[in-house]
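Number of protein chains: 2
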Amino acid sequence: MGKETTRATIIREGARLIHKKGFNATGLSDILTAARVPKGSFYFYFKNKQDFGLAVIDHYAEAIAAMSSISLGDNNRPPLQKLADFMDGFTAVFAKMDFTCGCPIGNLMQEMSDLNEAFRDKVGSVYARMAEAIAQCLSEAQDRGDIPVDLDPTQTAQFILNCWEGAIMHMKVVKNDAPLALCKRMVFDHILNK
Amino acid sequence: MGKETTRATIIREGARLIHKKGFNATGLSDILTAARVPKGSFYFYFKNKQDFGLAVIDHYAEAIAAMSSISLGDNNRPPLQKLADFMDGFTAVFAKMDFTCGCPIGNLMQEMSDLNEAFRDKVGSVYARMAEAIAQCLSEAQDRGDIPVDLDPTQTAQFILNCWEGAIMHMKVVKNDAPLALCKRMVFDHILNK
DNA sequence: ACTATTATAGACGACTGGTCTATTATCACT
DNA sequence: AGTGATAATAGACCAGTCGTCTATAATAGT
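Protein chains in written order, with my numbering: chain U, 63 to 256; chain F, 63 to 256.
If you want it as structure tokens, here you go:
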């Protein structure tokens, strides 16, 4: 890979700032200063701020997919261990950021769903893909008899992801990993426990 | 009393708009136009926008407490029924708003925790009080032998509230009550089921 | 070497944000 | 009623917003 394109730099810096401060609280000037790209270039690469925001969501989706596949994609481990690794992996990432920022997709779901239909559609489909990845994992666990047969993998995955996002939200307030640890324990002890 | 209402009107309209669009996306002009209060008056009643925002959080706290006590405060019903009523009550409110807006406290937790320490402290304590109300209810249920003895009411309440907030967040994207219904079912079938 | 295209540069405008000072209306009390 | 204090309003103010525009520089294709 050669050097990063200007467009990619804008997206990367924009993603970082939007993750930290939210979409509306982040100005184009902030982003362009951070990316050391002049304002005039921005409108060469993007139609407007919304168009740019949608590209940032794609960036988040890729980052989350990459991060998730480290744990959920490791088929040398049993499915429930993959799910535990998934949670532990993200917990470690959040800890490294001092429990700030939270989930970029979750943040945009909250902030933008009622403000912008295009955002809502896009974050919704990213969220659905995250749930599918977990559902796939649960399905494998069920095939091996590791979790109860009466659990619907799709529904259960959806619930677990929602719990997890709720825990992340709470984490942003208390600034420690207790909500994440609690979520993991409750899910494994009471939902996935045979 | 007349002076009180002007201030109260600003808070009420501000709370409505901030609930709908978020704190940063809501301008003072929007609020003051809606409240039919001239712009100059605002800084007579509030020190600045942050000071105003904190007052709006208090307003939300009161509204949520009032709404919660309808269900959780009705001691003629068994505790688990109170919790079910609590969920059903909020589900009905959300349905009436076409599943927009979500939880005003949850929204501000997401949006403001990393932007403003005073907001973080205040929404955090409101959130804690919500969890305590549920914990109290679970404790009653435990005393009656309605839920397993090994459940810690405080921790369990925290988990349930986080799940619920995660479900609300998801609701805002899918625009139906499925995440709320799923949350209720999973909590009652797998966490509180003896 | 000479156009076309791609990309950079940043001034500029129309508008909105929150904030503040000056001014007017209202009230309590002699 | 007249006076002083307080309640409330009016609107100026400027920094900052997104977005547009024209001018310039670098690169590619013939």
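Cβ atoms here follow ideal geometry from the backbone N, Cα and C, with glycine treated the same way.
Straight-line gap, residue 148 of chain F to residue 136 of chain U (C-alpha atoms, nearest Å): Distance between the alpha carbons of residue 148 of chain F and residue 136 of chain U: 41 Å.
Minimum Cβ-Cβ distance from residue 115 of chain U to chain F less than 8 Å: no
Contact with chain U by residue 76 of chain F, beta-carbon distance below 8 Å: Output row for residue 76 of chain F: interface = no.
Residue environment, residue 63 of chain U, which counts as buried when at least 16 other CB atoms sit within 10 Å: A caution first: residue 63 of chain U carries a pLDDT of 37, below 50, which makes its placement in the model too unreliable to give a value.
Chain U contact for residue 204 of chain F (CB, 8 Å cutoff): no
Alpha-carbon spacing of residue 257 of chain F relative to residue 101 of chain U, whole angstroms: No answer is possible for residue 257 of chain F: it lies beyond the span of chain F, which begins at 63 and ends at 256.
Proximal chain U residues relative to residue 156 of chain F, where beta-carbon distance stays under 8 Å: By Cβ distance, chain U contributes nothing, its closest Cβ being about 12 Å from residue 156 of chain F, past 8 Å.
Interface flag, residue 198 of chain F vs chain U, CB-CB below 8 Å: no
Of the listed residues U/166, U/110 and U/69, nearest to residue 78 of chain U (C-alpha basis): U/166
CB contact check: residue 244 of chain U to chain F, cutoff 8 Å: yes
For residue 92 of chain F, the three-state DSSP class (helix, strand or coil): helix
Cut-off 8 Å between Cβ atoms - residues of its own chain near residue 65 of chain F, not counting five sequence neighbours on either side: With a pLDDT of 35 at residue 65 of chain F, under the threshold of 50, the modelled position of this residue cannot be trusted; read the value that follows with caution. Excluding residues within five positions, none has a Cβ falling inside 8 Å.
Span of the alpha helix (DSSP H), counted from its first residue to its last, around residue 134 of chain F: 111–134
Local conformation of residue 64 of chain U per DSSP, three classes: Summary for residue 64 of chain U: the model assigns pLDDT 45, below 50, so the residue's position carries little reliability, and this model does not support an answer.
Residue 166 of chain F, DSSP secondary structure in three states: helix
Pair within 8 Å by beta-carbon distance, residue 233 of chain U and residue 242 of chain U: yes
Bounding residues of the alpha helix (DSSP H) (the contiguous stretch that carries residue 182 of chain F): Residues 179–205.
Cβ of residue 107 of chain U within 8 Å of any chain F Cβ: no
Proximity winner among U/88, U/71 and U/70, relative to residue 176 of chain F (alpha-carbon distances): U/88
Chain-ordered chain U contacts of residue 169 of chain F [CB-CB under 9 Å]: 172 and 173
Residue 199 of chain U beta carbon near the ligand GTP (any heavy atom closer than 7 Å): This structure simply doesn't include the ligand GTP, nor any ligand for that matter.
Cβ pair residue 239 of chain U, residue 153 of chain U closer than 8 Å: In contact: residue 239 of chain U and residue 153 of chain U (Cβ atoms closer than 8 Å).
Distance between residue 142 of chain F and residue 219 of chain U (C-alpha atoms, nearest Å): 25 Å
Residue 236 of chain F versus residue 185 of chain U - alpha carbon distance: 10 Å
Between the CA atoms of residue 170 of chain U and residue 129 of chain U - distance to the nearest angstrom: 19 Å
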